[in-house]
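Residue numbers (full-length UniProt numbering): 1 to 724. Each residue gets a CB set at the ideal place from its N, CA and C atoms; glycine is no exception.
Pasting the structure below:
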């Protein structure tokens, strides 16, 4: 009887698929194969060989072609991915596909792992000398006139250069080539003197190199966590090993790359979604080959092969961006811990506002906690002032005291950040005559006014319409924007301070690749400026002349039905406040609210994040919410409410009887209608992880078999961080 290959395919089904081996070549576990699947051909991953077939071999199809000579994924990654698919109830094939860059999920040979270089052709040199090109094309020809440059160097020196390169290459003016990565190290920069706390943190982790040990680096914003990371990566490189550094946002990657390269003197491989697929595949393959020593990436970089692993670091470990919200719903921070254990290396979780889950793990002794309480180089922590907005006359949501603080700051030649975590001009457009407001017909939620585009946009489903000239209900022309977004604040501040640059940083102004970096680059360290931004500005950016942070609109976070809202608000306030006074100039934070006596705000501002987190943990323990219980959320959506209700009722009936299992629902989702689809959910909760997970896979199989499941789109989310 021929051997049978058990293959994971990128389809949303919970099982593996059996195939006969190909006629040519021998497959191995961890290699890719091309197989027939229905009327299609799919690329799959070989998970086992000589497995006992689920059906007779006469009914099995044959693998069409081997795509790899050897294993693409090593045994550690294969084992970790199998565990992850089981824990997060993912389809195995989707879990294995997540581990590969998109370019490696196609039936193509592996790309070469040399560096991509671009140079001028003879015609290109003539075009440069003649000055016949304009704009980005002229700039690119000028950069390459002195000699060939790598794609990495071009990305640093001319962001967005690829469009120009494609045009010039099509015209025969540029030539592309591959070269092996350079062996010579770059000259490293001198390391600053570490503080006593930083030295203690480095020594503690350094003593654990070579074995698994989780650390929580709890450092106030601006305390120098990155210097600890750099010192530890230096130690790992000295041992000839690899370091993986995860960051939550793409926006943090360029500045972190520069800092790593300048300090360490090595090539830093980058993995995130803004890269071309070829660049991502090459970086991934270099890590797999062991030639990439330092790997920096966002969430999906947690799947990077690390044959010579030395250390894994998760920066801003509290950030919700580490949780995948679609498809295979893994959490990169938690998976980093699992990988570190399998690889036998320490893992360092860093944050100025650690998640309650990590604090509970430290409290239980599962993590060792390292503290950075001082801000090196700063005169003192920023002063915090609460402004009571009650009975005040507001200018576009800003109090006179807040505007006065901004005026004082720019008068001193310093910079201010006005923070509002809501983009657009105004969240509601209202008719004063009859009370009509612009709503999304697909989500039953107000449309946000974007005045610059003269559009009303739904931030949930992206539905768009033009701003009406008159009320569609009563015909009145008196339509008024209600509330403030970053666009409205920008307009008001431009009118108030016409001589000062006002920069808005939100999703609207940073859509283009590298737009965020270019915006920040326009800020001169010695000139006054006002920044208006969302939470994009709350993370990891050093602006030495920024001395004032003014926070507008925190009250929404004090009334949310989400039990995590208090934790998120505390983290956001502390992270945003931490932008002020990071250099030699003292910082100031102004927070305006209608609830100046709220216990969370008072605790946070009087005693800091650690005290507020302790109180939040005590509340969670008292009412048995995560991290002191474990949850799984079943979500369902369909065009008709009856279809959702029928499926959730059947799903509830299919649950195993267990007195230790608490069930909430079936119930409507907090947002019952989204993008024209009705939504509902069922929440499972237990005090024991084992109790909850013991029956989940069998319940998932029962759900797949339900006739009503075919009429809805449904998913299971293990350890959900968003109940919406």
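Backbone secondary structure at residue i - three-state DSSP
{"i": "residue 534", "result": "coil"}
{"i": "residue 685", "result": "strand"}
{"i": "residue 353", "result": "coil"}
{"i": "residue 267", "result": "coil"}
{"i": "residue 325", "result": "coil"}
{"i": "residue 397", "result": "coil"}
{"i": "residue 273", "result": "coil"}
{"i": "residue 392", "result": "coil"}
{"i": "residue 304", "result": "coil"}
{"i": "residue 21", "result": "coil"}
{"i": "residue 720", "result": "coil"}
{"i": "residue 209", "result": "coil"}
{"i": "residue 345", "result": "coil"}
{"i": "residue 310", "result": "strand"}
{"i": "residue 473", "result": "coil"}
{"i": "residue 699", "result": "helix"}
Length of the line joining the Cα atoms of residue i and residue j
{"i": "residue 698", "j": "residue 705", "result": "11 Å"}
{"i": "residue 184", "j": "residue 267", "result": "Unreliable placement is indicated for residue 184, whose pLDDT of 48 sits below 50; no coordinate value is reported for it."}
{"i": "residue 198", "j": "residue 99", "result": "34 Å"}
{"i": "residue 661", "j": "residue 651", "result": "15 Å"}
{"i": "residue 612", "j": "residue 526", "result": "36 Å"}
{"i": "residue 247", "j": "residue 389", "result": "36 Å"}
{"i": "residue 213", "j": "residue 340", "result": "8 Å"}
{"i": "residue 685", "j": "residue 328", "result": "21 Å"}
{"i": "residue 418", "j": "residue 322", "result": "26 Å"}
{"i": "residue 626", "j": "residue 620", "result": "7 Å"}
{"i": "residue 594", "j": "residue 154", "result": "50 Å"}
{"i": "residue 6", "j": "residue 43", "result": "13 Å"}
{"i": "residue 150", "j": "residue 169", "result": "15 Å"}
{"i": "residue 59", "j": "residue 82", "result": "27 Å"}
{"i": "residue 702", "j": "residue 78", "result": "27 Å"}
{"i": "residue 492", "j": "residue 395", "result": "8 Å"}
{"i": "residue 565", "j": "residue 259", "result": "33 Å"}
{"i": "residue 573", "j": "residue 495", "result": "27 Å"}
{"i": "residue 255", "j": "residue 230", "result": "14 Å"}
{"i": "residue 546", "j": "residue 253", "result": "21 Å"}
{"i": "residue 158", "j": "residue 224", "result": "30 Å"}
{"i": "residue 550", "j": "residue 333", "result": "31 Å"}
{"i": "residue 383", "j": "residue 216", "result": "27 Å"}
{"i": "residue 127", "j": "residue 307", "result": "46 Å"}
{"i": "residue 605", "j": "residue 588", "result": "13 Å"}
Inter-residue CB distance, residue i and residue j (contact presumed, cutoff 8 Å)
{"i": "residue 369", "j": "residue 196", "result": "Wrong, their Cβ atoms sit about 17 Å apart, outside the cutoff."}
{"i": "residue 426", "j": "residue 447", "result": "No, residue 426 and residue 447 are not in contact; Cβ-Cβ is about 10 Å, not under 8 Å."}
{"i": "residue 8", "j": "residue 47", "result": "5 Å"}
{"i": "residue 115", "j": "residue 179", "result": "5 Å"}
{"i": "residue 489", "j": "residue 552", "result": "7 Å"}
{"i": "residue 160", "j": "residue 122", "result": "Actually they do not touch by this definition, with Cβ atoms about 26 Å apart."}
{"i": "residue 484", "j": "residue 397", "result": "4 Å"}
{"i": "residue 466", "j": "residue 482", "result": "Residue 466 to residue 482, Cβ: 19 Å. No contact."}
{"i": "residue 233", "j": "residue 302", "result": "Actually they are not in contact, since the Cβ atoms of residue 233 and residue 302 sit about 17 Å apart, beyond 8 Å."}
{"i": "residue 431", "j": "residue 445", "result": "Rounded, the Cβ-Cβ distance is 17 Å, inconsistent with contact."}
Cβ neighbours of residue i in the same chain (closer than 7 Å, five flanking residues each side left out)
{"i": "residue 320", "result": "721"}
{"i": "residue 25", "result": "66"}
{"i": "residue 257", "result": "268, 270 and 296"}
{"i": "residue 433", "result": "471, 474, 476 and 478"}
{"i": "residue 80", "result": "338, 339 and 342"}
{"i": "residue 715", "result": "635"}
Cut-off 8 Å between Cβ atoms - residues of its own chain near residue i, not counting five sequence neighbours on either side
{"i": "residue 461", "result": "440, 442, 443, 674, 675 and 676"}
{"i": "residue 305", "result": "73, 74, 77, 284, 287 and 288"}
Spatial neighbours of residue i in its chain, beta-carbon cut-off 6 Å, leaving aside the 5 residues before and after
{"i": "residue 401", "result": "387"}
{"i": "residue 281", "result": "101, 103, 104 and 111"}
{"i": "residue 309", "result": "242, 343 and 345"}
{"i": "residue 50", "result": "3"}
{"i": "residue 145", "result": "128"}
{"i": "residue 585", "result": "547"}
Cβ of residue i within 8 Å of any chain D Cβ
{"i": "residue 373", "result": "Judged by its chain identifiers, the structure shown contains no chain D, having just a single protein chain."}
Write down every uninterrupted run of the beta strand (DSSP E) in the region 45 to 120 whose length is 3 residues or greater and which is fully enclosed by it, in chain order.
-> Correct list: 115 to 120.
Return the chain-ordered ranges of every alpha helix (DSSP H) run that is complete within the region 127 to 205 and spans a minimum of 4 residues.
-> Fully enclosed alpha helix (DSSP H) runs of 4 or longer: 135 to 144, 151 to 157 and 161 to 170.
Entirely within the region 567 to 620 and at least 3 residues each: give me those beta strand (DSSP E) ranges in chain order.
-> DSSP runs (the beta strand (DSSP E)) wholly in the region 567 to 620: 588 to 593.
Mind listing, in chain order, the continuous alpha helix (DSSP H) runs of no fewer than 4 residues lying wholly within the region 443 to 500?
-> Within the region 443 to 500, the runs of alpha helix (DSSP H) at least 4 residues long that lie entirely inside it are, in chain order, 486 to 496.
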